[in-house]
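Residue numbers (this note's numbering): 363 to 517.
Note that beta-carbon positions come from the ideal geometry of N, C-alpha and C, so glycine has one too.
Here's the structure, in structure tokens; my notes come after.
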């Protein structure tokens with residue numbers, strides 16, 4: 363399967379998935395891979411909002427710009443619009459399966475699993491954690507994106 367687009371999904375689309383989207387966008391471009399990336403959340407309560415300020419700060423410190431990001435909710439047509447749909451955790455994966463109603467099941471996976479990253483399998487949500495969790499999220503996103511790129515290059 364040729365992958366031309368990837369959607370990263372978390373709960374509110376203000377922490378993990380916009381971070382992974384920004385990290386992937388930067389490293390895919392640097393690696394010469396023309397793959398469209400986007401992100402969304404399974405919940406819609408943050409729709410239209412910027413990424414969490416703590417995540418924006420941690421990302422900026424590492425060289426990733428989350429300022430333009432605006433949260434959006436997962437839609438049923440995302441199953442048709444994206445070649446690969448990667449959830450940050452198993453709860454998000456369950457919600458995706460419910461929204462898609464069985465469509466695209468072969469293209470749904472946990473981000474860190476699909477990327478072949480070392481444990482953890484699930485990307486921890488830093489939202490209710492200390493500030494260090496946001497910095498740790500950046501490192502985990504970079505690790506996962508390295509694995510993602512390696513897997514995409516293998517075809």
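ask   = Where do the N-terminal and C-terminal ends of the alpha helix (DSSP H) with residue 473 fall, by residue?
value = 473–476
query = Could you give the uninterrupted runs of the alpha helix (DSSP H) lying entirely in the region 377–403, keeping only those of 4 residues or more?
reply = 378–392
ask   = What number of angstroms, rounded off, separates the C-alpha of residue 333 from the C-alpha of residue 411?
value = There is no way to answer for residue 333, as the model of the chain reaches only from 363 to 517.
message = Determine whether the beta carbon atoms of residue 446 and residue 365 lie at a separation below 7 Å.
response = yes
request  = Assign residue 386 to buried or exposed, taking buried as 16 or more other Cβ atoms, counted over all protein chains shown, within 10 Å of its Cβ.
outcome  = buried
query = With DSSP run on the structure shown, which of helix, strand or coil describes residue 412?
reply = coil
query = To the nearest whole angstrom, what separates the beta carbons of residue 435 and residue 464, a pair I think is in contact under 8 Å?
reply = Not confirmed; about 20 Å, so no contact.
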